[in-house]
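J.: Listed in order, the protein sequences are those of chains E, F, P and C.
Going from the first sequence to this note's numbering is simple: count from 1 and add 1403.
Going from the second sequence to this note's numbering is simple: count from 1 and add 1403.
Going from the third sequence to this note's numbering is simple: count from 1 and add 1403.
Going from the fourth sequence to this note's numbering is simple: count from 1 and add 1403.
Glycine is no exception: its CB is placed at the ideal position from the N, C-alpha and C atoms.
Pasting in a structure now, in structure tokens, and then I'll have a few things to ask.
4 protein chains.
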Amino acid sequence: MAGSSYGTLFRITTFGESHGSAIGGIVDGFPPGFELDFEFIQQELDRRKPGQSRIVSQRKESDRVQFLSGIFEGKTTGTPIGFLIPNEDAKSADYSHLEQGFRPSHADYTYQQKYGHRDHRGGGRSSARETATRVVAGALAKLYLHSHGIKIQAFTDQVGAIRLPESLIETLDWSDSESNAVRCPDPGYAAAMEQRILEVRKLGDTIGGCVRCRVTGVPAGLGEPVFDKLHAELGKAMLSINAAKGFEIGSGFEGVAQLGSQHNDIFNPDGTTQTNNSGGIQGGISNGMPIHFRTAFKPVATILQDQESINTAGEIITLGGKGRHDPCVVPRAVPIVEAMTAIVLLDFLLRNQTFKS
Amino acid sequence: MAGSSYGTLFRITTFGESHGSAIGGIVDGFPPGFELDFEFIQQELDRRKPGQSRIVSQRKESDRVQFLSGIFEGKTTGTPIGFLIPNEDAKSADYSHLEQGFRPSHADYTYQQKYGHRDHRGGGRSSARETATRVVAGALAKLYLHSHGIKIQAFTDQVGAIRLPESLIETLDWSDSESNAVRCPDPGYAAAMEQRILEVRKLGDTIGGCVRCRVTGVPAGLGEPVFDKLHAELGKAMLSINAAKGFEIGSGFEGVAQLGSQHNDIFNPDGTTQTNNSGGIQGGISNGMPIHFRTAFKPVATILQDQESINTAGEIITLGGKGRHDPCVVPRAVPIVEAMTAIVLLDFLLRNQTFKS
Amino acid sequence: MAGSSYGTLFRITTFGESHGSAIGGIVDGFPPGFELDFEFIQQELDRRKPGQSRIVSQRKESDRVQFLSGIFEGKTTGTPIGFLIPNEDAKSADYSHLEQGFRPSHADYTYQQKYGHRDHRGGGRSSARETATRVVAGALAKLYLHSHGIKIQAFTDQVGAIRLPESLIETLDWSDSESNAVRCPDPGYAAAMEQRILEVRKLGDTIGGCVRCRVTGVPAGLGEPVFDKLHAELGKAMLSINAAKGFEIGSGFEGVAQLGSQHNDIFNPDGTTQTNNSGGIQGGISNGMPIHFRTAFKPVATILQDQESINTAGEIITLGGKGRHDPCVVPRAVPIVEAMTAIVLLDFLLRNQTFKS
Amino acid sequence: MAGSSYGTLFRITTFGESHGSAIGGIVDGFPPGFELDFEFIQQELDRRKPGQSRIVSQRKESDRVQFLSGIFEGKTTGTPIGFLIPNEDAKSADYSHLEQGFRPSHADYTYQQKYGHRDHRGGGRSSARETATRVVAGALAKLYLHSHGIKIQAFTDQVGAIRLPESLIETLDWSDSESNAVRCPDPGYAAAMEQRILEVRKLGDTIGGCVRCRVTGVPAGLGEPVFDKLHAELGKAMLSINAAKGFEIGSGFEGVAQLGSQHNDIFNPDGTTQTNNSGGIQGGISNGMPIHFRTAFKPVATILQDQESINTAGEIITLGGKGRHDPCVVPRAVPIVEAMTAIVLLDFLLRNQTFKS
């Protein structure tokens, strides 16, 4: 019970189903006296919303956030920031066929098992619509981190089997990643990825991919061993995003084949390191180098093909593919990855602010 | 601050440095009236301890756990279980050369940055010695889970580039994994992995690898969306283990290349699924299928070769390779992975025990 | 930071200032499948709202709660219940004189010191308006507790120096307490208390009082020693209500003058006790007897008299008494005391639902 | 479950029964680099231990604390501080008569109801022996607070009906409170209180009392509304101490009879107040004035007289008065009140250390 809060000192709590009247949340612990850039917050929401390009869901949601508290004369007051995003295009009728049926690899079955009574419309609470509230909280956190020189940037580095080579990554201008629908900073790879997504959509199918995230300007010292290590919390935060199946920091899964003598990051005299296999975190604490990690997202479970499944009575049924869904979740996951990263970092930044005796 | 506790209803808190007088912990929230098998607990500790085979550290620690509270007449009382493991073979002199120097890819530098004052001997709090306390807490959790039909089994599925093929895994007798030093259930792969570790040790070097874990008998319904999803907490728990760099659940990173129509797990009439790409968790909640995931461990940072590094004054120094360390952490990580899995699952089991109205 | 959440498994998080557009909250961890009585919830809000009688503030707020999530077809789904109460009668102009001045014994000064930037209108976040959100969450909890036979009833037992004698309390019909504006179940005392409040109001002054609360039907076993003792959490919850200055359980402050031989509650063969000086809680755990405790509320700080004070520049100013406030907070505190009691009890009820091995 | 931890950033977790081999705890989140005064810590323990005067229990415990981690070269390292206090004088045989019987107004019955299986010896976990671990953690917190100019002093202000008049309190030299066994700073009242305790002891009976606590040097700004108000947490902490039945801050229960115009604390130009009915806390946040509060302790339940009671079979039995217990818990409660106060304040001090933007 009670799994809809995240964070210790900077804490977000969210509510809302895809087909209720609104979703929203409460951001508690945001530092006071901070002037908010509301346009930026809305832009972040727009980066996540459906309908923004031809490779994402065509569901229409204007996703306008309304702030209800915690802000006075444009500045934060240190008290909780309540906010709402009304649900507009909730066509409940679209989902009546799901009242009794469990969609494969969705949360329909597990919510039914856990709660007994559930809102079957559009996935209810398990819908990715919930992540819009994370983007709002994350945008607030980002603004604060920006003012302390911390910059978070994510991009698509894999769609299906098409993966941006490691060697290319250091040479990229990451700011290009917003210039295309797939959110990959390399134009050639971006085109290939977009092509693949369109092919898959034509099949009525879906495909997975990975998001890479890099954070610069992080001071050394963030993270609270032994359990609340910085990369452990980042991992939890990423894995809590819908459709996430994997997380790796620094050298990750591929680094296991290296020898220690290759993998070790040798120090420069100023405390920076010559390589960054550690991904900016050592012993669970940031070391001042850029933090970088990858998150894997499975192919979206909703497909536009008929699938065999079962209903609540355990009878075999055929589910027809309907609805307006994403052929690939990854482009829209980019701002969500950034948002959760910002939320984790701000919490650790505040947890690290202890007296030095 | 305060990162040494884990869990909500079943909560472990640990203390201790590698070279202090003892390490230990407090297990709070263990159900009352449960008869403990102390021999099993000690066996679990023995699976983790150094010196058990020629491919692990030769440091000598008998690792005898002493229980101080929470147990009466052999049964738990529901009150906190305090326990100690004395440190025996702490040769502090071995580490005097590290007082001023930062070992590459260790936590020396980040602890110095965060805390200012640190116990440099053997890594202090950041030493993997700390994980012995997790094994004790995990053994308690395992015993309870066993009595509810939940079984956790981990094994080594990759050392360096040698990886057990996915196709083999279903055919293995996992109980064989304890029959060899490397803890891989396939005798052929086990021999190759052990050979590789010995080669690497001869070079004075180290190598990484992966641990796979499978849990059977988990009831549907565990996990607390939207942030405390079951696989998100498992990910955090695994990533909090020393040297862990990656986590994947079910199809993980490789699943991203699949199409949704391939990846979706089709239901059988009884609610089980024909495939298990979900890894036993859908929407963050267990679905009753076996849970399976992998954790990546980097090559150990301590090598027996000279390395260039810096000291606290920012001067370049040469660190000579000394000490008694593991050429590959993976075999000893197997029981730690199991322990953290047990801790996470017991907490969720208790969190799920709400009234049904 | 982040002090606007309460509870572990049943957790409420609130937001909102007295003069923003709305206040509201999120109730997380409410058990699923429970049919809600919305009329009851509104009645509870009506018991707290201003303007309900001549002895309370005449501020007009219809206080209509809107539920936004977590409820489907009239039943809870186990997912977070988001709700809003719009602010209607927020006359910000009334408070312009407070922008620079600190009202004595209000939170103006301390919020300024803590946060630097604050919403001065009507006390902002420190306004008792915030307690309306507690009443909503408490009403939900009450409904659930009712269905398990747990009944919470509070009443006014002291206004100024007029205190209902202990000897009378056992003979009262507590259900009478809602029959008068002051919420005291004894008609004679109620009349005297109301008279006293009207006198004080005529002086432009305010007065304090006490609320007594009794809970019946509580099963033995609730409470989590050694820190989360049931009466310790009840104390925290009561003291978190605006204007609360004291809490006592069972025999409380007066019991200290007794001898142990008088104070001890002798058992009956069925485990009930002949007296109840313990107040239904022993060793921090409910014993199955009725829980009873008292909470002291100071005289409201806002008075309709001129007071000397200081402004943000540290200059002495005269604050004129204005606004529409309560001469005595106690009658309206009664439903808030009940609400917080329900919130605490439901959380402990859920925390107690562990497997028995 | 899991109620043996207290605090958010500065967190203590304790374990231990009165008749096990040891009690102890883990202090997590103590700031690093702080030089500890071990003699002071032991002195604090000595203030709590039994056998220190003729008016307290004659049980013999040397109560020597052993620190096991988190300290290096005499200074804290920022990692968890584990500690032990061995139990020495645990005469289990003394309690064999309690295996089946429930002592009136003890926790025997409620622990049996909650946990089913319990350590009946000397109250087990519910014994006040547990508070020794709080004194150790509190002594650490005190040392840190001292270094920031925060001073905590408690004393006995009531034994039975003998209460130090409010008017005397401002004129006392509080440092005199340690000069007598009863820990009351007024020699005349101290003598009368001690006389009363001796009379009661002669009767084989016990008596209650109150402890007053005052904290000076607290900066404005501590406390986290709306639930984690400073006085609400202080109340919880005090009420979590064995035998505590009531808590009041500032004017407390007596203040309810005042008018607002009398009760309001008028500001001086420097932000201090002319009176301190608020007890140093307004709106849940410290205002920089001394914090003062009182805690009521009931008469100890263990008396040296025969009492009627029941056993686990529900049969009526006679319990003979045995054992070595305190006729009045208040003198030994003084250092415990101080310890819990220090723990609460250090946690809030750390929670308040956020960036100011």
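Please list, in chain order, all residues of the same chain as G1563/E whose beta carbon is under 6 Å from its beta carbon, the five residues on each side excluded.
T.: Your numbering for residue 1563/E matches position 160 in the first sequence. Hits under 6 Å: R1599 and I1610.
J.: I want to see whether chain P comes within less than 8 Å of L1448/F, judged by CB atoms only; does it?
T.: Taking the first residue of the second sequence as position 1, residue 1448/F is located at position 45. No, L1448/F lies away from the interface with chain P (no Cβ there is under 8 Å from its Cβ).
J.: Per DSSP, what kind of secondary structure is V1732/P in: helix, strand or coil?
T.: Here the question's residue 1732/P lines up with position 329 in the third sequence. Note: V1732/P maps to coil in three-state DSSP.
J.: Roughly how many angstroms lie between the CA atoms of S1760/E and T1698/F, to the nearest whole one?
T.: In the first sequence, residue 1760/E corresponds to position 357, counting from 1. In the second sequence, residue 1698/F corresponds to position 295, counting from 1. Because S1760/E sits at a pLDDT of 37, beneath the cut-off of 50, its placement in the model cannot be relied upon, and the following sentence gives the value as read from the coordinates. Answer to the nearest angstrom: the Cα atoms are 38 Å apart.
J.: Kindly say whether I1746/C, judged by its beta-carbon, lies nearer than 8 Å to any beta-carbon of chain F.
T.: The residue you call residue 1746/C lines up with position 343 of the fourth sequence. No, because no Cβ of chain F sits closer than 8 Å to the Cβ of I1746/C.
J.: Could you check where the beta strand (DSSP E) with F1700/C kicks off and where it finishes?
T.: Numbered from its first residue, the fourth sequence carries residue 1700/C at position 297. That run of the beta strand (DSSP E) goes I1694 to F1700.
J.: Taking only beta carbons into account, state which residues of the region 1412-1427 of chain F come closer than 8 Å to chain P, listed in chain order.
T.: Correct list: L1412.
J.: So P1453/C and V1585/C are in contact, right, with Cβ under 8 Å, and what is the actual spacing, rounded?
T.: Taking the fourth sequence and counting its residues from 1, one reaches residue 1453/C at position 50. Taking the fourth sequence and counting its residues from 1, one reaches residue 1585/C at position 182. With a Cβ gap of about 15 Å, P1453/C and V1585/C do not count as contacting.
J.: On the CB-based measure, 16 or more other CB atoms within 10 Å of its CB, does T1482/C come out buried or exposed?
T.: Along the fourth sequence, read from residue 1 onward, the residue named residue 1482/C stands at position 79. Counting Cβ neighbours within 10 Å, T1482/C comes out buried, since at least 16 surround it.
J.: Please report whether the beta-carbon of R1754/P lies at a distance below 8 Å from any beta-carbon of chain F.
T.: Counting from 1 along the third sequence, the entry for residue 1754/P is found at position 351. Closer than 8 Å: yes.
J.: Using alpha carbons as the reference points, say which of G1612/P, G1638/P, S1529/P and I1694/P lies closest to G1682/P.
T.: Looking up residue 1682/P in the third sequence gives position 279. Minimum Cα distance to G1682/P is reached at I1694/P.
J.: Please decide whether K1759/E counts as near chain C, where near means a Cβ-Cβ distance under 8 Å.
T.: Reading the first sequence from its first residue, position 356 is the one you call residue 1759/E. Caution applies to K1759/E, whose pLDDT of 40 falls short of 50 and renders its modelled position unreliable; the model cannot decide the point.
J.: Note down, one range per segment and in chain order, each beta strand (DSSP E) of at least 3 residues found wholly within the region 1440-1489 of chain C.
T.: The qualifying runs are 1484-1489.
J.: Relative to chain E, which residues along the region 1703-1721 of chain F have a C-beta separation below 8 Å, given in chain order?
T.: V1703, A1704, T1705, I1706, Q1708, Q1710, E1711, S1712, I1713, G1717, E1718 and I1719
J.: Under a CB-based cut-off of 8 Å, is K1452/C close to chain P?
T.: Locating residue 1452/C in the fourth sequence gives position 49, where the first residue counts as 1. No, K1452/C lies away from the interface with chain P (no Cβ there is under 8 Å from its Cβ).
J.: Under 7 Å between beta-carbons, which chain P residues line up against S1681/C? List them in chain order, please.
T.: For the purposes of this step, residue 1681/C is taken as the residue at position 278 of the fourth sequence. Neighbours of S1681/C on chain P, chain order: S1508.
J.: Please list, in chain order, the residues of the region 1580-1598 of chain C that have any C-beta partner in chain F closer than 8 Å.
T.: Listed by position, the residues of the region 1580-1598 of chain C near chain F (Cβ gap below 8 Å) amount to none.
J.: Quick check: the Cα distance between A1510/C and P1435/P, rounded to an integer number of angstroms?
T.: Within the fourth sequence, the letter at position 107 stands for residue 1510/C. Within the third sequence, the letter at position 32 stands for residue 1435/P. Their backbone Cα atoms lie some 33 Å apart in a straight line.
J.: Can you find a C-beta in chain C that's less than 8 Å from the C-beta of D1466/F?
T.: As a first step, residue 1466/F is located in the second sequence; it is residue number 63 there, counting from the start. Not closer than 8 Å to any Cβ of chain C, the Cβ of D1466/F fails to qualify, so no.
J.: In whole angstroms, give me the CA-to-CA distance for S1421/P and L1471/E.
T.: What you label residue 1421/P is simply residue 18 of the third sequence in a count that begins at 1. What you label residue 1471/E is simply residue 68 of the first sequence in a count that begins at 1. Looking at the two C-alpha atoms, the distance is approximately 11 Å.
J.: Measure from the C-beta of L1537/E to each C-beta in chain P and report whether the shortest distance is under 8 Å.
T.: In the first sequence, the residue the question calls residue 1537/E occupies position 134. It should be pointed out that residue 1537/E corresponds to Arg in this sequence rather than to Leu. Interface residue (Cβ-Cβ distance to chain P less than 8 Å): R1537/E is not classified as such.
J.: Around the C-beta of P1401/P, are 16 or more other C-beta atoms found within 10 angstroms, so that it is buried, or is it exposed?
T.: Lying outside 1404 to 1760, the shown extent of chain P, residue 1401/P is not represented and no answer is given.
J.: Counting only beta-carbon atoms, is T1482/F nearer than 8 Å to chain E?
T.: Here residue 1482/F refers to the residue found at position 79 of the second sequence. Chain E contact via Cβ: absent.
J.: May I ask you to report which of helix, strand or coil DSSP gives L1546/C?
T.: Along the fourth sequence, read from residue 1 onward, the residue named residue 1546/C stands at position 143. Correct three-state label for L1546/C: helix.
J.: Less than 6 Å between C-beta atoms, sequence neighbours within five positions excluded: which residues of the same chain meet that for E1741/F?
T.: The residue given as residue 1741/F occupies position 338 in the second sequence. Same-chain partners within the cutoff: I1555 and A1557.
J.: For a cutoff of 8 Å on Cβ pairs, would you count S1530/C as touching chain F?
T.: By 1-based counting over the fourth sequence, the position of residue 1530/C is 127. Output row for S1530/C: interface = no.
J.: What would DSSP say about R1586/P, mapped onto helix, strand or coil?
T.: Translated into the one-based positions of the third sequence, residue 1586/P becomes position 183. Here R1586/P sits in coil by DSSP.
J.: Suppose you measure from the CA of T1559/F to the CA of I1429/E; what does that come to, to the nearest Å?
T.: Position 156 of the second sequence, counted from the first residue, corresponds to residue 1559/F. Position 26 of the first sequence, counted from the first residue, corresponds to residue 1429/E. Each residue's alpha carbon lies about 43 Å from the other.
J.: By the three-class DSSP mapping on this structure, what secondary structure does L1575/F have?
T.: The residue given as residue 1575/F occupies position 172 in the second sequence. In this structure, L1575/F counts as coil in the three-state DSSP scheme.
J.: Taking G1674/F as the reference, give the member of Q1665/E, D1589/E, Q1515/E and G1527/E with the closest Cα.
T.: Taking the second sequence and counting its residues from 1, the one referred to as residue 1674/F is at position 271. Per the Cα distances, Q1515/E.
J.: Taking contact to mean 3 or more Cβ pairs, one atom from each stretch, closer than 8 Å, check whether the region 1705-1717 of chain E and the region 1523-1541 of chain F are in contact.
T.: no
J.: For chain P, is any of its Cβ atoms less than 8 Å away from the one on K1545/E?
T.: Taking the first sequence and counting its residues from 1, one reaches residue 1545/E at position 142. No, K1545/E does not count as interfacial toward chain P.
J.: Between L1548/F, N1755/F and T1417/F, which lies nearest to A1425/F when the distance is taken from Cα to Cα?
T.: Locating residue 1425/F in the second sequence gives position 22, counting from the first residue. Residue T1417/F is the option with its Cα nearest to A1425/F.
J.: Taking the C-alpha atoms as reference points, what is the distance between V1747/E and I1572/C?
T.: Translated into positions along the first sequence, residue 1747/E becomes position 344. Translated into positions along the fourth sequence, residue 1572/C becomes position 169. V1747/E and I1572/C: Cα-Cα distance of roughly 49 Å.
J.: Using 8 Å as the threshold, is the C-beta distance between H1523/F and E1491/F below it?
T.: The residue labelled residue 1523/F in the question sits at position 120 within the second sequence. The residue labelled residue 1491/F in the question sits at position 88 within the second sequence. No. Outside cutoff.
J.: Can you tell me which residues form a DSSP beta bridge with D1431/P?
T.: Looking up residue 1431/P in the third sequence gives position 28. In DSSP, D1431/P forms a bridge with R1414/P.
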